[in-house]
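Colleague:
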Amino acid sequence: RFEEVPLAPPDSIFKLTAAYKADTHPDKINLGVGAYRDDNGKPWVLPVVKKATDILLNDATLDHEYLNITGLPEYTAAAARLIFGPDSPVITEGRVASVQTISGTGANHLGALFLSKFYGWNDKRVYLSDPTWVNHHAIFPQVGVPVSTYPYYDPQTIGLAFPAFLDALKNAAPRSVFLLHACAHNPTGVDPTREQWGAIADVMLEKGHFAFFDSAYQGFASGDLENDAWAVREFVRRNVPLLVCQSFAKNAGLYGERVGALHVVGASKEAAARITSQLSVLARAEISNPPAHGARLVSLILNDPALFAEWKRDIKTMAGRIIDMRKELHRLLTEELKTPGNWDHIVNQIGMFSFTGINPTQSQALVEKAHVYLTANGRISMAGLNSHNVRYFATQLDKAVRG
Ligand code: PMP
Numbered sequence: 027r028f029e030e031v032p033l034a035p036p037d038s039i040f041k042l043t044a045a046y047k048a049d050t051h052p053d054k055i056n057l058g059v060g061a062y063r064d065d066n067g068k069p070w071v072l073p074v075v076k077k078a079t080d081i082l083l084n085d086a087t088l089d090h091e092y093l094n095i096t097g098l099p100e101y102t103a104a105a106a107r108l109i110f111g112p113d114s115p116v117i118t119e120g121r122v123a124s125v126q127t128i129s130g131t132g133a134n135h136l137g138a139l140f141l142s143k144f145y146g147w148n149d150k151r152v153y154l155s156d157p158t159w160v161n162h163h164a165i166f167p168q169v170g171v172p173v174s175t176y177p178y179y180d181p182q183t184i185g186l187a188f189p190a191f192l193d194a195l196k197n198a199a200p201r202s203v204f205l206l207h208a209c210a211h212n213p214t215g216v217d218p219t220r221e222q223w224g225a226i227a228d229v230m231l232e233k234g235h236f237a238f239f240d241s242a243y244q245g246f247a248s249g250d251l252e253n254d255a256w257a258v259r260e261f262v263r264r265n266v267p268l269l270v271c272q273s274f275a276k277n278a279g280l281y282g283e284r285v286g287a288l289h290v291v292g293a294s295k296e297a298a299a300r301i302t303s304q305l306s307v308l309a310r311a312e313i314s315n316p317p318a319h320g321a322r323l324v325s326l327i328l329n330d331p332a333l334f335a336e337w338k339r340d341i342k343t344m345a346g347r348i349i350d351m352r353k354e355l356h357r358l359l360t361e362e363l364k365t366p367g368n369w370d371h372i373v374n375q376i377g378m379f380s381f382t383g384i385n386p387t388q389s390q391a392l393v394e395k396a397h398v399y400l401t402a403n404g405r406i407s408m409a410g411l412n413s414h415n416v417r418y419f420a421t422q423l424d425k426a427v428r429g
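The following block contains the structure:
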């Protein structure tokens, strides 16, 4: 049985991690995985999450009953306020349909499935940035939505391919769906400026396009939750039709707990209720109802002013360490090692990832000769760097660049 099933290739990131684990070199560094590490290279349980966990453990009223199909209401409501802002008209007018999902991946999936069934397509496809998080390329076709790409990254400038991006928006069929990273673009670390976001929103409004926002790094990018929600809020303010996929994997360090939400903005409160009813039908067939523990943790943190303030400090700790590593790597390359080329993109890029601009041969040399594990496209996870290994990395990068 199933003799005809072909062997699928392993996931490239998980394969990289396996190779890193098998390496016995004392200086090995894993810059592949997109998860925060502390200055000792260890996973970090946020102190606020520890506190919230203790509160849950001591709460005798909790049980293991099912949540609603749409999740924990006090969690989804607080999550919507976090991304849109508590005073946003879409919140005060009750126009957001919010459903708890299996982290950001589940939100992308449910959003894609909902659009596949209910969006008024002229041309059924989603436009993804080139490049994007690789899983976007798998999620949409799985629910019958073909993918196209729009220019995003310009290797010449190691920055945004802004004019080509705008042209793609202008040339797409009216009412097309564009996936946008709300902040801290994965894998490039290149975000549009506020002015560029404004121009993108103008064209999207003109063409009647739909914004499919993926928000996996709110707070993690700049250290400020409001700042990282700016693009989404600006699009709401301008009335661009949109949905938001939200993840608490990175900003609360709850990777394995799978805490996420999908927020679809409707034209009215009644429309939002109808959207919620259909999202419930879709979620019921797939997960019946979402996991409770992580949502309870996040709900506590978002709804308790003292815990919320503490969470903001924890976020600043993570974002701050990453920004410090960017500065130190930049300093080592430009001032100490005088590595050929311009390295300003290291400090200009945003969030967990950085596109170094090195080519696949140089990336391969780092993996094979220097025991530094990174993806072939030259992307590094800044979270994998720390005060103990940044000098080793800079030296090896310098060697790879000099060839
Ligand atoms: N979107 C983007 C852009 C991401 O980088 C990630 C995490 N790698 C996700 C969504 C989803 O992650 P999760 O399912 O763990 O929330």
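Each residue of the sequence shown is one higher than the one before, counting from 27 in full-length UniProt numbering. Note that the Cβ used here is the ideal one computed from N, Cα and C, for glycine as well.
1. Listed by chain order, which residues have C-beta atoms less than 5 Å from any heavy atom of the ligand PMP?
2. Name the residue from Val-125, Leu-305, Lys-395 and Gly-245 whose alpha carbon lies nearest to the alpha carbon of Arg-339.
3. Say whether the segment 299-319 touches the segment 154-164, bearing in mind that this needs 3 or more beta-carbon pairs closer than 8 Å, one atom from each stretch.
4. Closest to His-371 by CA distance: which of Met-344, Arg-405, Ser-389 and Val-393 is it?
5. For a quick check, are the C-beta atoms of Val-291 and Arg-107 less than 9 Å apart?
6. Buried or exposed, going by whether 16 or more other CB atoms sit within 10 Å of the CB of Arg-263?
7. In this structure, how does DSSP classify Ile-384 when only helix, strand and coil are distinguished?
8. Under the assumption that Leu-305 contacts Leu-136 (Cβ atoms under 8 Å), give the Cβ distance between them as a whole number of angstroms.
9. Which residues in the same chain as Thr-365 place their Cβ atom closer than 6 Å to its Cβ, once the five residues preceding and following it in sequence are excluded?
10. Please check the pair Gly-320 and Glu-361, which I expect to be a contact at CB under 8 Å, by giving their CB distance rounded to whole angstroms.
11. Mind checking who Leu-288 pairs with in its DSSP beta bridge?
12. Have a look at Gly-170 and Ser-142 and give me their C-alpha separation to the nearest angstrom.
13. Within this structure, are the beta carbons of residue 19 and Asp-240 separated by less than 9 Å?
14. Give me the Cα-Cα distance between Asn-253 and Thr-118, rounded to the nearest whole angstrom.
15. Could you check what DSSP says for Phe-261 in three-state terms: helix, strand or coil?
16. Do you know how far the Cα of His-207 is from the Cα of Gly-286?
17. Quick one: Cα of Ser-294 to Cα of Phe-110, how far?
18. Identify every run of the alpha helix (DSSP H) within the segment 146-234, keeping only runs that are complete inside it and at least 4 residues long; order them along the chain.
19. What is the DSSP secondary structure of Ala-237, counted as helix, strand or coil?
20. Return the chain-ordered list of same chain residues with a C-beta closer than 8 Å to the C-beta of Gly-383, the five sequence neighbours on each side being excluded.
21. Suppose the cutoff is 6 Å on Cβ atoms and the five residues either side in sequence are ignored; what does the same chain contact list for Ser-124 look like?
22. Tell me which residue opens and which closes the beta strand (DSSP E) that Ile-406 is part of.
23. Return the CA-CA distance between Ala-86 and Leu-93, expressed in angstroms with no decimal places.
24. Exposed or buried, Thr-401, counting other C-beta atoms within 10 Å across all chains shown (16 or more means buried)?
25. Quick one: what does DSSP say Phe-379 is sitting in, helix, strand or coil?
26. By Cβ distance below 7 Å, which residues in the same chain neighbour Gln-388 in space, the five residues on each side in sequence not counted?
Modeller: Let me lay it out:
1. Gly-60, Ser-129, Gly-130, Thr-131, Trp-159, Asn-212, Asp-240, Ala-242, Ser-273 and Ala-275
2. Here residue 339 is taken as the residue at index 313 of the sequence shown, counted from 1. The shortest Cα separation from Arg-339 among Val-125, Leu-305, Lys-395 and Gly-245 belongs to Gly-245.
3. no
4. For the purposes of this step, residue 371 is identified with residue 345 of the sequence shown, where counting begins at 1. Nearest of Met-344, Arg-405, Ser-389 and Val-393 to His-371, Cα basis: Arg-405.
5. Taking the sequence shown and counting its residues from 1, the one referred to as residue 291 is at position 265. Taking the sequence shown and counting its residues from 1, the one referred to as residue 107 is at position 81. Cβ atoms of Val-291 and Arg-107: not closer than 9 Å.
6. Walking along the sequence shown from the start, residue 263 turns up at place 237. Residue environment: Arg-263 is assigned as exposed (fewer than 16 neighbouring CB atoms within 10 Å of its CB, all protein chains considered).
7. By 1-based counting over the sequence shown, the position of residue 384 is 358. DSSP places Ile-384 in coil when its eight states are reduced to three.
8. As a first step, residue 305 is located in the sequence shown; it is residue number 279 there, counting from the start. As a first step, residue 136 is located in the sequence shown; it is residue number 110 there, counting from the start. Contact holds; Cβ gap of about 7 Å.
9. For the purposes of this step, residue 365 is taken as the residue at position 339 of the sequence shown. Answer for Thr-365: Leu-359, Asp-424 and Val-427, listed in chain order.
10. Reading the sequence shown from its first residue, position 294 is the one you call residue 320. Reading the sequence shown from its first residue, position 335 is the one you call residue 361. Actually they do not touch by this definition, with Cβ atoms about 43 Å apart.
11. Within the sequence shown, the letter at position 262 stands for residue 288. Looking at the DSSP assignment, Leu-288 forms a beta bridge with Val-125 and Cys-271.
12. Translated into positions along the sequence shown, residue 170 becomes position 144. Translated into positions along the sequence shown, residue 142 becomes position 116. Approximately 7 Å, taken between the alpha carbons.
13. Residue coverage of the chain in this structure runs from 27 to 429, which leaves residue 19 outside it and unanswerable.
14. Working through the sequence shown from its first residue, we reach residue 253 at position 227. Working through the sequence shown from its first residue, we reach residue 118 at position 92. Their Cα atoms are separated by approximately 21 Å.
15. The sequence position of residue 261 within the sequence shown is 235, counting from 1. Under the three-state reduction of DSSP output, Phe-261 falls in the helix class.
16. The residue given as residue 286 occupies position 260 in the sequence shown. The residue given as residue 207 occupies position 181 in the sequence shown. Cα to Cα, the separation comes out at about 16 Å.
17. One-based indexing of the sequence shown puts residue 294 at position 268. One-based indexing of the sequence shown puts residue 110 at position 84. If you take the alpha carbons of Ser-294 and Phe-110, they lie about 16 Å apart.
18. 162-168, 188-197 and 220-233
19. Position 211 of the sequence shown, counted from the start, is the residue given in the question as residue 237. It is a strand residue.
20. The residue you call residue 383 lines up with position 357 of the sequence shown. Answer for Gly-383: Pro-181, Ile-184, Gly-367, His-371 and Gly-404, listed in chain order.
21. Position 98 of the sequence shown, counted from the start, is the residue given in the question as residue 124. So the qualifying residues of the chain are Thr-102, Ala-106, Ala-287 and His-289.
22. Numbered from its first residue, the sequence shown carries residue 406 at position 380. Counting along the chain, the beta strand (DSSP E) containing Ile-406 begins and ends at 405-407.
23. For this step, residue 86 is matched to residue 60 along the sequence shown. For this step, residue 93 is matched to residue 67 along the sequence shown. About 17 Å.
24. Position 375 of the sequence shown holds residue 401. Counting Cβ neighbours within 10 Å, Thr-401 comes out buried, since at least 16 surround it.
25. Working through the sequence shown from its first residue, we reach residue 379 at position 353. The answer is strand: DSSP assigns Phe-379 an E or B state.
26. Reading the sequence shown from its first residue, position 362 is the one you call residue 388. Counting only Cβ-Cβ distances below 7 Å, and skipping sequence neighbours, we find Ala-426 and Val-427.
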